[in-house]
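Here is the structure we will look at.
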Amino acid sequence: MATEQELSAFLKDVEKRAFKRSVFHVRDEEAALDIVQDSMLKLAQHYGDKPVNELPMLFQRILSNSTLDWFRRQKTQKAVFTHFSDLESSVDGDSDFDWLETYATNGDASAASNAESLTERKQTLQSIEKEIQELPARQREAFLMRYWEEMDVAETAAAMGCSEGSVKTHCFRAIQTLSKALKAKGIEL
Amino acid sequence: MKSAPTLRQEQTADRIARQITARLSEGEALLPYEITERLRASREQAVSIRRREASVLRVQTSTAASAQGNTLTLGNPDEGNGWWRTLVSAIPVFALIAGLVIYNSDTEQSMLSEVTEVDTALLTDDLPPAAYSDPGFIQYLKTSAATPTEH
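Listed below in C-alpha cells is the structure:
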C-alpha cells in the first residue's frame, strides 16, 4: 500500500509530463490542467491503497480515460475517431525506413546541446511538440507512454487496451512521422 | 506490401525516440510558474484525499476490531437468546427462594413434633394432667427431687 509520501513523490514525478501529454491531446492548457487534476484525485480516491509499483499504469489509464471523458463532454468524440481512423492510413514501409536511417544521429547529443543557445533549444522543443501534437491520437499515446513515460511494451498495451503488436506498430509509425517532419525542418537532435 | 522492420531499424527508431523524448523532458523545466503551481496544488489536494481515506479506513478497522472484541469477551446483548440468558440468570434467585421455603417448612415441622411429643407424654402418663395443677402434688415432686432415693 502506497504511503502518502510515496503517492506525493509519484505524482510529483509524473505531473508535468501528464500535463504536456494532455495538452498534446486537447490543445488547451486549462482543460489539460483540469484533466490532470481530475486524474490525480481519482487515483488518490480509488487507488490510493494500491502498491506504489502499480500506480504508474493505473495513472496512465485514468489519465487516458479522463481525456476521453473530456472529449465526450466537449461533444468532439467524432474528432477523436477521426484521429483514430488515421491509423488505417497506409505507410510505405521501405521508404520510411530510409528516412530513419538518414535521420538517426550518432554524434554526442550532449555536445550538440551545449552548442545550442537557450532560444534555439526552445524553438526546437516547440517544433518537436508541434509535430507530436500533429500525430494521430493512438500513435501519440503509444509513443509518449512507451518512450516518455518509459513503460515497456506490455504495460503500454495494457494501459491502452490493445495488443503489444499494435503498440509496436503505433510507436514505429510515430517515430517515422516525427523523424521525417523534423528532418524536413532541418532540426538535429 | 508492408514489411516488418528489421532489428537494426527498430534499434534506430528506438534511439531517435529517446532523443526526442529527452528533448521533451528538458522542456518540463520550462513550464510557466503558474502551471507548476497549479499542478502542485492538484497534487496536494490528491494527497489530502488519500490522507482522509486512510484515516477513515483506520477508524473502520478500529471499530470492527472493538466489536469483535466485545463478542469474544463479554458477548453482545443485542444478539439473540436474550430470554434464555435472563432465565439462566434467575436460577440462583429461584434456588435461594426454594431453600428458604424448605428451611421454613422443616422448622415448623420440628416445632410441631416437639409439641406433639409433650402432649403425647402428658396424655399417656399414669397421672392425670390435672395433677400438675395441684399445689400439694407440686410440693411432693419438689420434695422427692431434693431427697435422693435409697436403693
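Residue numbers (my numbering), protein chains in the order written: chain R, 220 to 408; chain V, 293 to 443.
Glycine included, each C-beta is placed from N, C-alpha and C at the ideal position.
For GLU302 of chain V, the enclosing alpha helix (DSSP H) stretches over residues 299-320. Contact between the segment 334-350 of chain V and the segment 260-268 of chain R is established, with three or more Cβ pairs separated by less than 8 Å. Using a Cβ distance threshold of 8 Å, LEU262 of chain R and PHE278 of chain R count as a contacting pair. Taking the CA atoms as reference points, THR396 of chain R sits about 8 Å from LEU354 of chain R. CA-CA distance, ARG300 of chain V to ALA309 of chain V, rounds to 14 Å.
Taking 8 Å as the CB threshold, THR313 of chain V lines the interface with chain R. Listed along the chain, the chain V residues whose CB falls inside 8 Å of the CB of GLU339 of chain R amount to none; the nearest CB is some 12 Å away. Interface with chain R (8 Å Cβ-Cβ cutoff): SER334 of chain V is included. For the segment 227-249 of chain R, residues whose beta-carbon sits nearer than 9 Å to a beta-carbon of chain V comprise SER227, LEU230, LYS231, GLU234, LYS235, ARG236, ALA237, PHE238, LYS239, GLU248.
Here LYS349 of chain R carries a helix assignment [DSSP, helix/strand/coil]. Within chain V, not a single residue places a beta-carbon under 8 Å from that of MET276 of chain R; the smallest gap is close to 17 Å. In this structure the segment 374-391 of chain R does not lie against the segment 317-325 of chain V, because fewer than three pairs of beta carbons, one per stretch, are closer than 8 Å. Within the segment 255-285 of chain R, the residues whose Cβ lies closer than 7 Å to any Cβ of chain V are, in chain order, VAL255, GLN256, MET259, LEU260, LEU262, ALA263, GLN264, GLY267. MET259 of chain R counts as buried, since at least 16 other C-beta atoms from the protein chains shown sit within 10 angstroms of its C-beta. Judged by DSSP secondary structure, ARG240 of chain R falls within the alpha helix (DSSP H) whose first and last residues are 223-245. Counting only unbroken stretches of 4 or more residues, the alpha helix (DSSP H) elements lying wholly within the segment 240-295 of chain R are 248-266, 274-292, in sequence order. With distances taken between CA atoms, VAL271 of chain R lies nearest to R:LEU230 out of R:GLN293, R:LEU230, R:PHE238, R:LYS235. Counting the other CB atoms within 10 Å of its CB gives ILE389 of chain V a total below 16, which places it among the exposed residues. Pairing THR378 of chain V with PHE386 of chain V, the inter-Cα distance amounts to about 12 Å. Fewer than three pairs of CB atoms, one per stretch, sit closer than 8 Å, so the segment 356-376 of chain R makes no contact with the segment 325-340 of chain V.
Ranking R:SER346, R:ARG292, R:GLU369, R:ASP371 by CA distance to the CA of GLU407 of chain R puts R:SER346 first. By the neighbour-count definition (other C-beta atoms within 10 Å, threshold 16), TRP375 of chain V is an exposed residue.
C-alpha of LEU331 of chain V to C-alpha of LEU226 of chain R: approximately 14 Å in a straight line.
Cβ neighbours of THR343 of chain R within its own chain (closer than 6 Å, five residues either side excluded): ILE406.
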